[in-house]
């Protein structure tokens, strides 16, 4: 759902963009909450969600700080929980 609303936000402007961006944020937050308890940090779906959520912050909300925060936190979580 988060990706779907993010794509809509890319093609809308003004209030409509804000509305779908809010829906996207809520969907990403709900998905993050679910995968945090149900999937290990190294699971491809969890990693894909982290990537897409960080792209949402960078491209839709123009938040480089939040983009980097999500990216680094998932990188370190993956790195320290992997068996390499």
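Residue numbers (UniProt numbering): 1 to 84.
In this text, a Cβ means the ideal position worked out from N, Cα and C, and glycines have one as well.
Assignment of residue 52 by DSSP, reduced to helix, strand and coil, places it in the helix class. The beta carbon of residue 64 sits closer than 7 Å to the beta carbons of 58 from its chain, once the five residues preceding and following it are set aside; these are given in chain order.
Between residue 53 and residue 14, the CB-CB gap reaches or exceeds 8 Å. Put simply, the backbone Cα of residue 12 is about 17 Å away from that of residue 55. For residue 41, the secondary structure class from DSSP, reduced to helix, strand or coil, is coil. The C-beta of residue 45 has fewer than 16 other C-beta atoms within 10 Å across all chains shown, which makes the residue exposed.
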